[in-house]
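Residues in the sequence shown are numbered from 32 upward in steps of one, following the numbering used here. What follows is a short report on a single structure.
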Amino acid sequence: MNDAVTPEDLAAVDIEEVQAIEDRLPMVMTVGFTGHRQIDDMDAGHALLEQAVAAVGEAFDLLITAPLAQAYDGAPRLRLMIGEAPGTDRLMANVWRVEDLGEIHTMFPFKAPSGPAAYTDRPEKGDPDTRVEPPPEFSPWTGIDADGLGLEHEQAHGEVGRWIVRHSDLLIGWWDGQPSRGAGGVNDTMQRALERGVPVIWLQPGETRLRLIDPHASRRRHADASEAMLGLDEIAGPLTARLLADLLTPSFAAPGVPGAHDPEIAARLDYAAVDPLRLRRPPLGWVQNLFNHTLWRSFRLFEHAAGGVPPGHWDTVAPPEGLIEQPGFARLRAASAEAGARANQLSSIHRSEQLLLVVIAILAVLTGAMPQVLVNLLSEYQSKGNAEGATLSSISQLVHVAAAAIEFALGFLALTIFLGARRAHRHRRWSDARRLAERLRGACGTWPLGIDVADHHIDPPQTWTEWRARAVLRAAGPRRGWIDKPRFESTTAWVTGQLIDGQILYHDRQHKVAHNVERHIRTAENWSFGILMLMLAFFVGAYLVQGITHMLTPAWFSGLVTLVSAVSPAIGAGCLALDATNGFGEISLHSARLKVEFEHRKAELGQGAGVEYHHVQAVIRSAAQLLRDENDAWRDSLLRRRIVRG
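What follows is the structure, given as structure tokens:
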């Protein structure tokens, strides 16, 4: 259970912010490029790059006309991610512009010591050809201020290569086949792509053929990517648009077997069909709002009363200046807010339904037992000569009929709630929405630092939630503008507060709430059992005493025993149902452990000397991975917690 934001926070989420992005889930494919700074034959190189770009465009057309594209909305588009170094980088960018295939996102590894200029190599080298005037702020480019961040020369080029590979679905590499010349070189970047599972188009100077490298084929024949690079000719096959499209399809296709009753497809379609954000609109929006403020608040009120801990807020600190204006960050926040609003809506309904079923069950048992109590009282009243038998008989019958009618109505209401919950599969929809929301919540923390939990290796998505999260990240693209030390430090402070401190506070509160709720449930169970045993003992004792003293047990006491005998087991069963559906004891232990884990991440973050670029990235990535793993485990446990009819 990871409702890190209260329903009040997300029920009033900026719907305009969510709806501002009309294409919530466009199909975006990023093509990365890496190449040499010198070209011996410019015309031959230009022709080779034209062939490669044409093949990419044709493969993309095949992808967007395939059934897999139906799972997306918005206009499909291509993006090129590339450096701005002299040589093949600039030639490739020119070819891409001529073909007009889409946006070009450029990367710069160095910033001028003074002024806004960017450099593709060390500024102190004094090479005027490496100096570039970057486009305006928040247009598609990213600059790494290597000197300000304390990165060495090769680390700066290596970071550009990592950014390109991290955001690319396909890499085009212009490589002469020679051994690596260090971090950030073509050999190094192509190796990173194969390690991560990104297909590579290999263009070799002096060759007219275009070759396609399947990263999965390299794993089948080689122990690792570095070994594969030594025998690249063995795994590189001829490039065709159809082969490339087939190789890219698993990464873009939503999980599931089309045409079959596949649970992943069903869950994805369910998610699209049930949109709490749209349920607030006319003509039935007022009904949904009425339920949200009445019935579906039942569990929240119960949790607040039994948990004894006031609600917490962990998302109140505004992002640092400049981050909100980032179009990619706005898209991530909107998608996360939408998923969070949906998850909170569904969790309130699912948990409140179980609580209402428990209350209805206890009321039904109480209603069914009350006539016997009244009959016993009436019988005692009659025995004293205070009423006629016919009158009492008619009253007794009327009481039984009224109780039966009330119990029937309660049973019908319970059946309606149960069937509606089972038909809606809200526990599954809730778990999927929460899993997606927390995956995107983690991405909102890692994305500004240029990292993701799937940095090192990425397989085709196994769940539709991961597929959707990756699609949102593709659409967001890389962070834009300069990443210098002040901006990196302010971003790190904000991310730490959101991703680590927020989780520490959340799990501390969640541990206390779950522990208190479980304690109150156990107390209710013990009291109901104790009262039942006490009443039964008194009743048996009174019967034995009656045989000796010939004193009759009062009729009201016999009815009371009947009432307690019926209601006490119902209370115990209701407590078991609540615990089975919510797992308060498990949540308490789980949150206590996670609080400690996030505290370890916080301590580890402070062990670096200042704000060290790669150290911070590693710790934040680890925290995001912990959040992701926790929600995967939570989802699996929640799928077992279906509504208990009782």
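Ideal placement from N, C-alpha and C gives every residue a C-beta, glycine not left out. Nothing here was measured: the structure is a model prediction, and the numbers come from that model.
Shown here, residue 333 sits in a helix according to DSSP, grouped into three states. With at least 16 other beta carbons inside 10 angstroms of its own, residue 79 counts as buried.
Residue 478 is positioned such that its CB atom lies no closer than 9 Å to that of residue 629.
Just measuring C-alpha positions, the residue of 85, 496 and 66 sitting nearest residue 299 is 496.
For residue 490, the closest alpha carbon among the candidates 284, 648, 376 and 463 is that of 284. Between residue 528 and residue 535, the alpha-carbon positions lie close to 10 Å from each other.
Contact annotation: residue 165 and residue 110 have beta-carbon atoms that are not nearer than 9 Å. With fewer than three CB-CB distances shorter than 8 Å, the segment 540-553 does not count as touching the segment 178-189. Under DSSP, residue 546 forms no beta bridge with any residue. Residue environment analysis places residue 356 among the exposed positions, since fewer than 16 neighbouring C-beta atoms fall within 10 angstroms of its C-beta. Here residue 173 is not near residue 123, since their CB atoms are 9 Å or more apart. DSSP places residue 172 inside the beta strand (DSSP E), whose first and last residues are 172-175. Annotated three-state conformation of residue 564 is helix, per DSSP. Non-local C-beta neighbours of residue 211 in its own chain, meaning closer than 6 Å and more than five positions away in sequence, comprise 218 and 219, ordered along the chain.
The residue from 461, 404, 340 and 507 with its alpha-carbon nearest to that of residue 371 is 461.
Beta-bridge partners of residue 112 (DSSP): 63 and 136. Ranked by how close their Cα comes to the Cα of residue 404, the residues 221, 585 and 152 have 585 in first place. In the structure shown, the three-state DSSP call for residue 153 is coil. Restricting attention to 543, 207 and 91, the CA atom closest to the CA of residue 272 is found in 91. If you draw a straight line from the Cα of residue 240 to the Cα of residue 67, it comes to about 18 Å. When only Cα atoms are considered, residue 558 and residue 402 end up about 24 Å apart. Each residue's CA atom was taken as its position, placing residue 572 and residue 592 some 13 Å apart. For the 9 Å CB-CB criterion, residue 526 and residue 391 do not form a contact. In this structure, residue 648 keeps its C-beta atom at 9 Å or more from the C-beta atom of residue 473. For residue 203, the uninterrupted beta strand (DSSP E) run begins and ends at 201-205, by DSSP. Within the same chain, 402 and 405 come within 6 Å of residue 430 by CB-CB distance, once the 5 residues on both sides are set aside.
The beta-carbon separation of residue 249 and residue 229, rounded to 11 Å, does not stay under the 8 Å limit for a contact. Residue 358 is a Cβ neighbour of residue 508, given a cutoff of 9 Å. DSSP, read as helix, strand or coil, puts residue 165 in coil.
The straight-line gap separating the alpha-carbon atoms of residue 176 and residue 167 is approximately 16 Å.
In this structure, 118 is the residue among 279, 222, 118 and 399 with its C-alpha nearest to the C-alpha of residue 77. Residue pairing by DSSP places residue 267 opposite 244 in a beta bridge. Boundaries of the alpha helix (DSSP H) harbouring residue 129: 119-130, taken from the DSSP string. As for any beta strand (DSSP E) of minimum length 3 sitting wholly inside the segment 500-538, the runs are 512-514, ordered along the chain.
Here residue 631 is not near residue 661, since their CB atoms are 9 Å or more apart. Scanning its chain for C-beta atoms nearer than 7 Å, with the 5 sequence neighbours on each side dropped, one finds around residue 363 the residues 471, 474, 475, 478, 503 and 507, in chain order.
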